[in-house]
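Enquirer: Quick one: the structure is below, questions incoming.
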Amino acid sequence: MEPKYYRIEEILSPKFDGKQVKIRGWVYRQRNSKKIAFIVIRDGTGILQCTAKSSNFDEKKFEEICGIRYESSIIVGGIIKSDDRAPNGYEMQMNEFIIIHQAEPFPISKDQSEAFLLDHRHLWIRSQKLTSSFRVKAALIEGARAYFKEQGYWEMFPPIITGSSCEGGSTLFEIKYFGKPAYLSQSAQLYLETLIFAHKRVYSLTPSFRAEKSRTTRHLAEYWHLEAEAAFVDLDGIIKFEDGLVTAMIHHAAKEVPYDLQQLGRDPKELLEIKAPFERIRYDEAVERIQKKGVEIEWGEDFGTHHERALTEDLSSPIHVTHFPRDIKAFYMKTLDGKYAECNDLLAPEGYGEIIGSSQREDDIDNIIFNLKRDGSKIEDYEWYLDLRRFGSVPHSGFGLGIERLLRWIGKLDHIRDTIAYPRVMNRNTP
Ligand code: ATP
Ligand code: MG
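Numbering (my numbering), first residue to last: 670 to 1100.
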């Protein structure tokens, strides 16, 4: 019979004090003196300090323990002891040690350049910071799915290969589709809109692709986009929904992965204090606030990173900016008084910037055609979309949330690349 291997997370409990167990994992830290060796083992569920006394092993085995390299895969056996000096309150007194694979000298050590770490991303993803970041991400998504379900939304699976653009031509990735041009999806929105007529409330989580040519700390060329559309919901209704969703996501993470949040420097208690509804201000007022901060902006300009930072750096909760001028917004947003769009951006606090783009959708077919012409789009490419306004059109709203943007704020990450295992940016698509 195969011996039972325990997970580190399950043995960190008084129940295991004094018990003999076996663990499989990787060498995270190692140091030794003549008489004693310490190995910190990492198994994907936690880390555990293991102490090997030379008197417990024959000479050859003790040499093996002392010679083990970082990131080697090993099996250790021993007795679990509660110990206040150990990082998580427990340590193993080792009496068994088996090498599964002795690693070559690990190329990553302290103080390596960002370019080197990106070249070795496939190894660097084992780091504590990235491990914690990806766990917080998983918890955020778990929280979102539960909230959508509770609110009666169906998960949908829209296409990634598309024939037309949603967010404008300048950031479209073109591909060859059986010899003809096609595009990678920038947003699932238009397809989700078609699906509300069957399901009323829908959402999807898909990669979105944007050929972002400027180097910023918050743009990826491939990111995970959480989008929703709902029939019979107006701007106020969709804003309320977004408040509920974001709160549910961050509270779920605070409860599920408090340790990982702490590793990233975020106090989970701080997140639990964030409560809906979030503040709402109109674009006009936002422009005034930005100007008062001494940052230049004119009415009619879209917000850049520095504008959003000026607006949010002193806040501790997210804020909605509503009613941007219609002329700087997408063709599908509902027009109000011919001047504004019935839309909102949700901005993260602490200067992190936009996490949601959202609007009530235009249900007047003539206004949509007017906007498409304004943008120089071909009407015939959008005939299928215009059909939605011909067959049972209803008031409806929706939004897109960038998962990595939300995580960057929650995880206090300086750069968006640390929110995703293999960041795709202008000058890199490997490994
Ligand atoms: P920005 O002004 O920051 O470029 P946007 O107005 O282009 O954002 P939308 O088209 O409204 O963004 O997309 C919806 C959401 O998708 C954004 O609120 C953001 O969270 C996310 N998002 C957009 N572009 C990117 C990107 N290049 N990388 C990561 N997330 C993105
Ligand atoms: Mg953009």
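Even glycine gets a Cβ: it sits at the ideal position worked out from N, Cα and C.
All figures in this text were calculated on a predicted structure; none of them were measured in a lab.
Would you grab the beta carbon distance between Ile748 and Arg693 for me? Rounded to a whole angstrom, and I think it's under 8 Å.
Expert: Actually they are not in contact, since the Cβ atoms of Ile748 and Arg693 sit about 17 Å apart, beyond 8 Å.
Enquirer: Look at the alpha carbon of Gly905 and the alpha carbon of Thr1099, and state the distance between them as a whole number of angstroms.
Expert: Note that residue 905 is Asp in the sequence shown here, rather than Gly. Computed Cα separation, rounded: 43 Å.
Enquirer: Measuring only the C-alpha atoms, how far is Ile734 from Ile677?
Expert: 20 Å
Enquirer: When burial is assigned at 16 or more other CB atoms within 10 Å of the CB, is Thr981 buried or exposed?
Expert: buried
Enquirer: Helix or strand or just coil, what does DSSP make of Val956?
Expert: helix
Enquirer: Counting C-beta neighbours from all protein chains within 10 Å, is the total for Ala917 16 or more, i.e. buried, or is it exposed?
Expert: buried
Enquirer: To which residues does DSSP link Phe707 through a beta bridge?
Expert: Paired residue(s): Arg700 and Thr720.
Enquirer: Do you know how far the Cα of Glu760 is from the Cα of Pro683?
Expert: 12 Å
Enquirer: From what residue to what residue does the alpha helix (DSSP H) around Gly1069 run?
Expert: Careful: Gly1069 lies outside any alpha helix (DSSP H), inside the beta strand (DSSP E) at His1065 to Gly1071.
Enquirer: Buried or exposed: which applies to His791, given that a residue is buried once 16 or more other Cβ atoms fall within 10 Å of its Cβ?
Expert: exposed
Enquirer: How far does the beta strand (DSSP E) with Thr991 in it extend, from its first residue to its last?
Expert: Ile988 to Thr991
Enquirer: Taking 7 Å as the cut-off, does the CB of Tyr952 come closer than this to any heavy atom belonging to ligand 1?
Expert: Incorrect: Tyr952 has no Cβ contact closer than 7 Å to ligand 1.
Enquirer: Just mark Glu819 as buried or exposed, buried being the case when its beta carbon has 16 or more other beta carbons within 10 Å.
Expert: exposed
Enquirer: Could you check the C-alpha separation between Gln858 and Phe826 for me, to the nearest Å?
Expert: 11 Å
Enquirer: Alpha carbons only, please: which of Gly736, Met1002 and Ser856 is nearest the one belonging to His770?
Expert: When only C-alpha atoms are compared, the closest one is Gly736.
Enquirer: To the nearest whole angstrom, what separates the beta carbons of Leu895 and His920, a pair I think is in contact under 8 Å?
Expert: With 8 Å as the limit, Leu895 and His920 do not qualify as a contact, their Cβ atoms being about 16 Å apart.
Enquirer: Anyone know if the C-beta pair for Ile1025 and Ile1038 falls short of 8 Å?
Expert: no
Enquirer: What is the rounded straight-line gap between the Cα of Gln797 and the Cα of Gln932?
Expert: Each residue's alpha carbon lies about 8 Å from the other.
Enquirer: Spatial neighbours of Ser1062 within its chain, please: CB distance less than 7 Å, with the 5 preceding and 5 following residues excluded, ordered by chain position.
Expert: The beta carbon of Ser1062 sits closer than 7 Å to those of Asp1032, all from its chain and outside the five residues before and after it, given in chain order.
Enquirer: What are the boundary residues of the alpha helix (DSSP H) that Asp788 is part of?
Expert: Residues Glu783 to Asp788.
Enquirer: Determine the closest residue to Gly963 out of Lys938, Lys845 and Ala979, with distance taken between C-alpha atoms.
Expert: Ala979
Enquirer: Within 10 angstroms of its Cβ, does His1084 collect 16 or more other Cβ (buried), or is it exposed?
Expert: exposed
Enquirer: With three or more C-beta pairs closer than 8 Å as the rule, is the stretch 875-887 touching the stretch 772-782?
Expert: no
Enquirer: Do you know whose CA, among Pro994, Ser802, Tyr1021 and Ile997, lies nearest Asp983's CA?
Expert: Tyr1021
Enquirer: Based on the DSSP output, what are the partners of Asp1014 in its beta bridges?
Expert: Val990 and Gly1026
Enquirer: Does the Cβ of Lys806 have 16 or more other Cβ atoms within 10 Å, making it buried, or fewer, making it exposed?
Expert: buried
Enquirer: Between which two residues does the alpha helix (DSSP H) harbouring Leu681 extend?
Expert: Run containing Leu681: none; DSSP gives neither H nor E here.
Enquirer: Can you grab the Cα-Cα spacing for the pair Ser723 / Ser702, in whole Å?
Expert: The straight-line gap from Cα to Cα measures roughly 10 Å.
Enquirer: Just to confirm, is the Cβ distance from Ile829 to Ala851 under 8 Å?
Expert: no
Enquirer: Which whole-angstrom value is the C-beta distance of Thr863 and Leu1057, which I expect to be below 8 Å?
Expert: 6 Å
Enquirer: Is the distance from the Cβ of Ile705 to the Cβ of Gln699 below 8 Å?
Expert: No, the Cβ-Cβ distance between Ile705 and Gln699 is not below 8 Å.
Enquirer: Judging by CA-CA distance, which residue of Phe785, Leu874, Gly838 and Leu861 is the nearest neighbour of Ile810?
Expert: The option with the nearest alpha carbon to Ile810 is Leu874.
Enquirer: Assign Met763 to buried or exposed, taking buried as 16 or more other Cβ atoms, counted over all protein chains shown, within 10 Å of its Cβ.
Expert: buried
Enquirer: Mapping the DSSP letters down to three states, classify Thr1004 as helix, strand or coil.
Expert: strand
Enquirer: Please return the same chain residues whose Cβ sits closer than 8 Å to the Cβ of Ser751, not counting the five positions on each side in sequence.
Expert: The residues are Pro683, Asp686, Gly758 and Tyr759.
Enquirer: How many angstroms separate the CA atom of Gly1045 from the CA atom of Asp996?
Expert: 13 Å
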